[in-house]
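Reviewing the structure listed below.
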Amino acid sequence: YALSGSMWKKRTLTWSIQSFSQSSQLNQLTVRTLMSYALAVWAVESGLTFKEVDSQNQEADILIHFSRGYHQDTYPFDGPGGTLAHAFFPGEHPISGDTHFDDEETWTFGSKDGEGTDLFAVAVHEFGHALGLGHSSAPNSIMRPFYQGPVGDPDKYRLSQDDRDGLQQLYGKVSNSPNGKPTRKPLASPPLPPALPPDSPSTPVPDRCEGNFDAIANIRGETFFFKGPWFWRLQPSGQLVSPRPARLHRFWEGLPTHVRVIQAAYARPRDGRIILFSGPWFWVFQDRQLEGEARPLVEFGLPPGEEVDAVFSWPLNGKTYLIRGQQYWRYDEEAARLDPGYPRVLSLWEGAPPSPDDVTVSNTGDTYFFKGTHFWRFAKGSVKSESDSPQPMGPKWLDCPAPSSPKTTPKTGTCNCHCELNQ
Amino acid sequence: APIPRAQDVSLGVDWLTRYGYLPPADPSQAQLQSLEKLQDAIKIMQRFAGLPETGQMDPITIATMHKPRCSLPDILGAAGLVRRRRR
Numbered sequence: 001y002a003l004s005g006s007m008w009k010k011r012t013l014t015w016s017i018q019s020f021s022q023s024s025q026l027n028q029l030t031v032r033t034l035m036s037y038a039l040a041v042w043a044v045e046s047g048l049t050f051k052e053v054d055s056q057n058q059e060a061d062i063l064i065h066f067s068r069g070y071h072q073d074t075y076p077f078d079g080p081g082g083t084l085a086h087a088f089f090p091g092e093h094p095i096s097g098d099t100h101f102d103d104e105e106t107w108t109f110g111s112k113d114g115e116g117t118d119l120f121a122v123a124v125h126e127f128g129h130a131l132g133l134g135h136s137s138a139p140n141s142i143m144r145p146f147y148q149g150p151v152g153d154p155d156k157y158r159l160s161q162d163d164r165d166g167l168q169q170l171y172g173k174v175s176n177s178p179n180g181k182p183t184r185k186p187l188a189s190p191p192l193p194p195a196l197p198p199d200s201p202s203t204p205v206p207d208r209c210e211g212n213f214d215a216i217a218n219i220r221g222e223t224f225f226f227k228g229p230w231f232w233r234l235q236p237s238g239q240l241v242s243p244r245p246a247r248l249h250r251f252w253e254g255l256p257t258h259v260r261v262i263q264a265a266y267a268r269p270r271d272g273r274i275i276l277f278s279g280p281w282f283w284v285f286q287d288r289q290l291e292g293e294a295r296p297l298v299e300f301g302l303p304p305g306e307e308v309d310a311v312f313s314w315p316l317n318g319k320t321y322l323i324r325g326q327q328y329w330r331y332d333e334e335a336a337r338l339d340p341g342y343p344r345v346l347s348l349w350e351g352a353p354p355s356p357d358d359v360t361v362s363n364t365g366d367t368y369f370f371k372g373t374h375f376w377r378f379a380k381g382s383v384k385s386e387s388d389s390p391q392p393m394g395p396k397w398l399d400c401p402a403p404s405s406p407k408t409t410p411k412t413g414t415c416n417c418h419c420e421l422n423q
Numbered sequence: 001a002p003i004p005r006a007q008d009v010s011l012g013v014d015w016l017t018r019y020g021y022l023p024p025a026d027p028s029q030a031q032l033q034s035l036e037k038l039q040d041a042i043k044i045m046q047r048f049a050g051l052p053e054t055g056q057m058d059p060i061t062i063a064t065m066h067k068p069r070c071s072l073p074d075i076l077g078a079a080g081l082v083r084r085r086r087r
């Protein structure tokens, strides 16, 4: 463990929540209760007493805030992911002990690992700072700097030995009960509410590191990875918004529930609308809201019943490319019709895989074809893939480890395969 | 070892500085960080995070730098404020 070098000289500390999360699915009572339990975790090992005071009371030792972005201290928040929270070490300064949570995180209680960020686990960590502990590298310590996922039932959670040692170095040991375990003091807070219902028990959450996405699109600088009724978002900085995928229908408001797969997606440059494709249909979204009804792909000029594997807008000429199998069409957004002479064979994109999962253009202007677990990069304006293509997607895009097995390069070029039923 | 992208090195230096592994740049000296100091800082970060101590901006190190975390530095800079104890 590591000590910050400061500690409280009193043994009863007051706390209050000054601002609650604006966007969290946790209600205020749940947040208050979780804070109370998180403080009790430290109290039970040290004999410290924590007393909640009225939220109007700005004199409390530990003031808790949910804040966004810059919030008048030296640790601005950075939106979803990245930094989650911080707290100030004990002292005489008004901000000493104060604890701030990034309001733009998806704070959860009772959810599985990967489903948002467990507020109780983060609160326990931050209150460790508020009591004078620094970050620890001990494997089981709650004071490790990285978020480790939920820590289980708040009522049963107990600090690791490393954390107890650090705390007791500062505040001494509490007298234990006869069975050797500390006795939890009765809490003044209400009992914990039941955990939120699981997101969707019927559909297993896919593993992003397995690749094989249905669609990938650059939407306003963020890369969206669609797989079944889920999607992940990668921020322009390269950070995943969350390792847990979001539910398709919770985000894309109005998308019919029977649509379980997005086969292609792109952001239309001329008006910023986002187009999602599934089967022979497409849907137009303004931001997250659906505009109108499902529309047939024939509106793009494609043959009736035709579907698409990939769609992207190429900044070089402003045209939209629609790919199916080994052929593609080029659509003129201004004229609202296909360019003549299409479809053409995809081999024009030298080195590109047939039937790509999707194609998208990065913020730097490079074009990326995705298929399976690999990507092919085409430098800005080029139709020839880079010599190091294909590369595994995981390490570059999805915070996944590089494949441990030797690199297997999917063959590119035309495919002339025959598959028999018994093979 | 694969050569890290300039973007990753830049992100790494920023990250290592923010969390206390590298001293803040001194504008008055306009001094570049030395490669040795950078590698030492990466090793300390890797030790702290329980990663293999390669001193390189390898993919697992870069991935760790992208993990959600607390905003406070891991290495507290003010002299005399930190006392580390090992069991």
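Chains A and B supply the protein sequences, listed in that same order.
For the first sequence, this note's numbering gives the first residue as 1, with consecutive numbering after it.
For the second sequence, this note's numbering gives the first residue as 1, with consecutive numbering after it.
We treat Cβ as the ideally placed atom computed from N, Cα and C, and that holds for glycine.
Give the residues of chain B in contact with A:L348, contact being defined as C-beta atoms less than 8 Å apart. Start at 1 with the first residue of the first sequence, and residue 348 of chain A comes out as number 348. Those do not exist, as A:L348 stays about 29 Å from chain B at its closest Cβ, beyond 8 Å.
Would you mind reading off the limits of the alpha helix (DSSP H) that contains B:G12? Reading the second sequence from its first residue, position 12 is the one you call residue 12 of chain B. Element bounds for B:G12: A6 to R18.
Under 8 Å: do the region 88 to 108 of chain A and the region 47 to 57 of chain B share three or more Cβ pairs, one atom per stretch? no
Beta-carbon within less than 6 Å of A:F378's beta-carbon, same chain only, minus the 5 sequence neighbours each way: which residues are those? Here residue 378 of chain A refers to the residue found at position 378 when the first sequence is read from its first residue. T367 and S385, listed in sequence order.
Chain-ordered neighbours of A:L119 on chain B, where CB pairs are closer than 8 Å: Indexing the first sequence from 1 puts residue 119 of chain A at position 119. The contacting residues do not exist; A:L119 stays about 13 Å from chain B at best.
Kindly indicate which three-state DSSP category A:W397 falls into: helix, strand or coil? One-based indexing of the first sequence puts residue 397 of chain A at position 397. DSSP places A:W397 in helix when its eight states are reduced to three.
The region 58 to 70 of chain B: which residues have C-beta closer than 9 Å to a C-beta of chain A, in chain order? P59, I60, I62, A63, T64, H66, K67, P68, R69 and C70
Specify the secondary structure class of A:Y37 as computed by DSSP and reduced to three states. Within the first sequence, numbered from 1, the residue matching residue 37 of chain A stands at position 37. Note: A:Y37 maps to helix in three-state DSSP.
Buried versus exposed call for A:P315 [16 or more other C-beta atoms within 10 Å across all chains shown]: One-based indexing of the first sequence puts residue 315 of chain A at position 315. Per the 10 Å Cβ criterion, exposed.
Could you name the residues of chain B that A:F146 contacts, counting a contact when the two beta carbons are closer than 9 Å? Taking the first sequence and counting its residues from 1, the one referred to as residue 146 of chain A is at position 146. Those are A49, T64, K67, P68, R69 and C70, listed as they occur along chain B.
Along the alpha helix (DSSP H) that carries B:F48, what are the first and last residues, could you check? On the second sequence, position 48 is the one that residue 48 of chain B refers to. Counting along the chain, the alpha helix (DSSP H) containing B:F48 begins and ends at L35 to A49.
Keeping to the same chain, check which residues put their C-beta closer than 6 Å to that of A:Y70; ignore five residues upstream and five downstream. Mapped onto the first sequence, residue 70 of chain A falls at position 70. The answer, listed in chain order, is P76.
Could you tell me the alpha carbon to alpha carbon distance between A:K51 and A:W42, rounded to whole angstroms? Residue numbering aside, residue 51 of chain A sits at position 51 when the first sequence is read from its first letter. Residue numbering aside, residue 42 of chain A sits at position 42 when the first sequence is read from its first letter. Taking the straight line joining both Cα atoms gives about 13 Å.
Measuring only between beta-carbons, confirm whether A:S137 sits less than 7 Å from chain B. As a position in the first sequence, residue 137 of chain A is number 137, starting the count at 1. Chain B, which has a Cβ nearer than 7 Å to the Cβ of A:S137, makes this yes.
Give a yes or no on whether the minimum CB-CB distance between A:P343 and chain B is below 7 Å. If you number the first sequence from 1, residue 343 of chain A lands on position 343. No, no contact with chain B.
Quick check on A:Y171: does DSSP put it in helix, strand or coil? In the first sequence, residue 171 of chain A corresponds to position 171, counting from 1. Three-state result, A:Y171: helix.
Quick check on DSSP: helix, strand or coil for A:G128? In the first sequence, residue 128 of chain A corresponds to position 128, counting from 1. Correct three-state label for A:G128: helix.
How do the region 140 to 159 of chain A and the region 115 to 127 of chain A stand: do at least 3 beta-carbon pairs fall below 8 Å, yes or no? yes
Report, in whole angstroms, the separation of the C-beta atoms of A:D207 and A:F226, which I expect to be a contact under 8 Å. Looking up residue 207 of chain A in the first sequence gives position 207. Looking up residue 226 of chain A in the first sequence gives position 226. Rounded, the Cβ-Cβ distance is 15 Å, inconsistent with contact.
Using a threshold of 7 Å, state whether the C-beta atoms of A:L297 and A:P280 are closer than that. One-based indexing of the first sequence puts residue 297 of chain A at position 297. One-based indexing of the first sequence puts residue 280 of chain A at position 280. Cβ distance < 7 Å, so A:L297 and A:P280 count as in contact.
Taking the alpha-carbon positions, what's the A:A264 to A:D113 distance? Here residue 264 of chain A corresponds to residue number 264 of the first sequence, with the count starting at 1. Here residue 113 of chain A corresponds to residue number 113 of the first sequence, with the count starting at 1. One C-alpha to the other measures close to 29 Å.
Could you work out which residues of chain A lie near B:L76, taking near to mean beta carbons separated by less than 7 Å? The residue given as residue 76 of chain B occupies position 76 in the second sequence. Within chain A, the residues near B:L76 are S4 and G134.
Just mark B:A25 as buried or exposed, buried being the case when its beta carbon has 16 or more other beta carbons within 10 Å. The residue given as residue 25 of chain B occupies position 25 in the second sequence. B:A25 is exposed by the Cβ-count criterion.
Here's the rule: buried if 16 or more other CB atoms are within 10 angstroms of the residue's CB, otherwise exposed. What is A:V345? Locating residue 345 of chain A in the first sequence gives position 345, where the first residue counts as 1. That one is exposed.
For A:T14, which residues from the same chain have a beta carbon less than 8 Å from its beta carbon, with the 5 sequence-adjacent residues on both sides left out? The residue given as residue 14 of chain A occupies position 14 in the first sequence. Hits under 8 Å: F50, K51, E52, V53, N57, E59, A60, D61 and I62.
Just verifying my parser: in three-state terms, what is the DSSP assignment at B:T61? For the purposes of this step, residue 61 of chain B is taken as the residue at position 61 of the second sequence. Helix, per DSSP.
Within 7 Å of any Cβ in chain B, is that where the Cβ of A:T424 sits? This structure cannot settle anything about residue 424 of chain A, because the visible part of chain A is limited to 1 through 423.
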